[in-house]
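Here is the structure we will look at.
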Amino acid sequence: MDCTIFYSWQSDLPNPTNRGFIGDALNKTIKNIRKDDSIKVELVLDRDTQNVGGAPNIVKTIFKKIEQAEIFVCDISIINKDGNSRLTPNPNVLIELGYAMKTLGEGGQIYYGYEYCFWYSRKTTI
């Protein structure tokens, strides 16, 4: 049985602490879980328009992938700490998070911020 993890990333902040860091952590976690024969779930990491050929409609593709995911991971780090404007995460990530909350229902989301990380879990067991 496959369990898809959708990763909503942002590129506003440095790769070593955000996009690349989270992606590497997810890939390492999946690799370690695959080594455990007692876990019968096959974790699959997906994101953006990865592995979709041609010139797909980005929004429709991302929303469809979120609908098909069991777990949604997003980077909600503040992207404009040095500016004079209101602090905010990446707006695209927030749109994807809102869609995931609507689509996946209560739980199933993991939020990452550069200075914190927390899991909002569904009542399911992987």
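FYI, in the numbering used here the residues of the sequence shown are 4 to 129. Backbone N, C-alpha and C define an ideal beta-carbon position, used for all residues, glycine too.
CB-CB under 6 Å to residue 9, same chain, minus the five flanking residues each way: which ones, in chain order? 49, 68, 69, 72 and 75
Subject >> Rounded straight-line distance, which links the Cα of residue 54 to that of residue 126 >> reply: Reliability of the predicted coordinates at residue 126 is poor, the pLDDT of 39 falling under 50, and the value obtained from them is presented with this limitation in mind. Rounded to whole angstroms, residue 126 to residue 54 spans 30 Å at the Cα level.
| task | In the DSSP assignment, find the beta strand (DSSP E) that holds residue 113 and state where it starts and stops. | result | Secondary structure note for residue 113: its beta strand (DSSP E) is the uninterrupted segment 112–116.
Notebook entry, point to check: Going along the chain, which residues of its own chain have a beta-carbon closer than 7 Å to the beta-carbon of residue 33, five neighbours each way excluded?
Noted result: If we look at residue 33 and ignore the five residues flanking it on each side, its Cβ neighbours are 46 and 48.
Exercise. Within its chain, find whatever has a CB closer than 8 Å to the CB of residue 81; leave out the 5 residues flanking it on each side and keep chain order.
Key: 90, 91, 92, 116 and 117
Quiz item: So the alpha helix (DSSP H) residue 27 belongs to, where does it begin and stop?
Solution: Where residue 27 is concerned, the enclosing alpha helix (DSSP H) stretches over 22–38.
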